[in-house]
Amino acid sequence: MDEKKRAEIKTALAKHVVTMPDGTSLPRLGQGTWYMGENPQMKDKEIKALQLGIELGMTLIDTAEMYGNGDSERLVGEAIKGRRNQVFLVSKVYPQHAGLDMISKACENSLKRLETDHLDLYLLHWRGRVPLAETIEGMEKLRKEGKILRWGVSNFDTADMEELWNTKNGKNSVANQVLYHLGSRGIDFDLLPWQSKHNMPIMAYSPLAQGGTLRKQLLNDPTIHDIADKYNVQPLQIALAWTIRSNNVIAIPKAVQEEHVLANAEAATIEFTEEDLNRLDQVFPKPNRKMPLDII
Ligand code: NAP
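When you number the sequence shown by the numbering used here, it's gap-free, plus one each residue, and the end is 475.
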């Protein structure tokens with residue numbers, strides 16, 4: 180990829196932002212890290228991939244204590260060494276660690292593995308048995324201590340968000356990370372509008388349907404191919420660009436192959452026409468009734 184293209188990507192990522200409730204602007208594309216750090220032979224390549232992504236402007240990095248039992252956080256820690264201030268760092272706490280007795284220790288362990296003194300965002304990975312009020316209290320305590328700057332949730336459906344909103348300090352949540360891609364549009368019916376109404380971004384995980392494996396149709400559909408040809412890109416770049424078409428969604432594709440990192444960043448430069456979006460809607464329609472939240 181030549182310098183001109185890289186400059187175009189950086190400009191697009193700087194222009195296409197999501198504004199967090201506290202006014203912080205984030206590029207609509209970040210980077211996922213599930214399965215990274217687990218194979219020592221892949222380590223250098225994974226670190227280079229994340230660093231290339233940061234250089235291109237995909238500065239939000241998403242990890243979790245769950246991923247590789249902390250190996251993903253360790254790898255991210257290495258990748259962002261000397262670059263911490265360029266990165267918006269997100270990690271997640273296991274639901275079973277999200278009570279007042281364990282959340283501080285879980286966060287401390289994540290910080291150690293990431294070799295940093297704070298997280299930009301700490302998410303409850305999914306809902307477990309700990310009452311929401313207790314998790315919120317733990318998150319607020321960490322925030323007051325400066326160990327996390329913000330907190331949010333993941334895999335919360337609309338009813339969970341309502342409950343969160345009606346729990347003391349629940350309105351301090353700044354994001355909900357859920358599965359969202361062109362082949363899984365359930366949240367378009369109710370959750371995405373709920374989030375927009377409450378000015379809280381969605382972080383879209385598996386935005387490439389795991390390289391198309393969750394929905395083969397994303398790779399094979401003739402309409403996607405046709406639109407991809409029009410922009411001289413790959414079908415999955417169309418799927419990724421579609422995910423970040425609104426200003427309330429940040430997508431976090433995971434990529435280790437250099438060409439995948441470049442392709443994902445390039446997706447930010449695709450500007451759809453109304454006609455493109457209508458054509459995609461016809462093949463991958465928005466649901467007209469409530470669908471249960473897709474989870475992996
Ligand atoms: P994904 O990002 O949809 O897909 C990743 C797969 O797609 C990898 O196999 C990757 O290959 C491949 N890929 C990446 N870019 C590509 C491209 N341009 N063309 C073709 N293939 C491409 O799936 P994901 O990892 O499940 O989701 C992304 C991130 O979301 C995770 O890494 C994690 O951080 C987060 N997540 C959160 C939850 C949650 O419960 N909160 C659940 C799942 C995921 P290479 O790696 O070989 O390049």
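The beta carbon of each residue, even a glycine, is placed where N, CA and C say it ideally should be.
Item to check | Environment of Asn-378 [buried if 16+ CB atoms lie within 10 Å] | outcome: If you draw a 10 Å sphere on the C-beta of Asn-378, you find fewer than 16 other C-beta atoms in it, and that means exposed.
Checklist entry - Taking only runs of the alpha helix (DSSP H) that begin and end inside the segment 248 to 308, which ones reach a length of at least 4 residues, in chain order? => result Listed in chain order, they are 250 to 258 and 282 to 293.
Item to check | Cβ-Cβ separation, Asp-241 to Val-269 (assumed contact under 8 angstroms), whole Å | outcome: Yes, they are in contact, since the Cβ atoms of Val-269 and Asp-241 sit about 5 angstroms apart, within 8 angstroms.
Checklist entry - Any idea what DSSP makes of Leu-205, helix, strand or coil? => result In this structure, Leu-205 counts as strand in the three-state DSSP scheme.
Item to check | Whole-angstrom C-beta distance between Tyr-384 and Ile-431, which should lie under 8 angstroms | outcome: Rounded, the Cβ-Cβ distance is 6 angstroms, consistent with contact.
Item to check | Beta-carbon separation (whole angstroms), Val-353 vs Leu-300, contact threshold 8 angstroms | outcome: Yes, Val-353 and Leu-300 are in contact; Cβ-Cβ is about 7 angstroms, under 8 angstroms.
Checklist entry - Asp-367: which of Ala-312, Ser-425, Leu-415 and Ala-243 sits nearest, CA to CA? => result That would be Ser-425, whose Cα lies nearest to the Cα of Asp-367.
Item to check | Proximity winner among Gln-230, Glu-287, Thr-198 and Asn-399, relative to Gln-374 (alpha-carbon distances) | outcome: When the alpha-carbon of Gln-374 is set against those of Gln-230, Glu-287, Thr-198 and Asn-399, the nearest one is in Thr-198.
Checklist entry - Per DSSP, which one or two residues make a beta bridge with Asn-355? => result Secondary-structure assignment with DSSP links Asn-355 through a beta bridge to Val-332 and Ile-381.
Next on the checklist: Would the segment 250 to 263 count as touching the segment 224 to 242 if we require 3 or more Cβ pairs under 8 angstroms?
Outcome noted: Touching, yes, given that three or more Cβ pairs across the two stretches are closer than 8 angstroms.
Checklist entry - What residues are listed by DSSP as bridge partners for Gln-210? => result As computed with DSSP, Gln-210 is found in a beta bridge with Ile-240.
Checklist entry - What are the boundary residues of the beta strand (DSSP E) that Ile-449 is part of? => result Run containing Ile-449: none; DSSP gives neither H nor E here.
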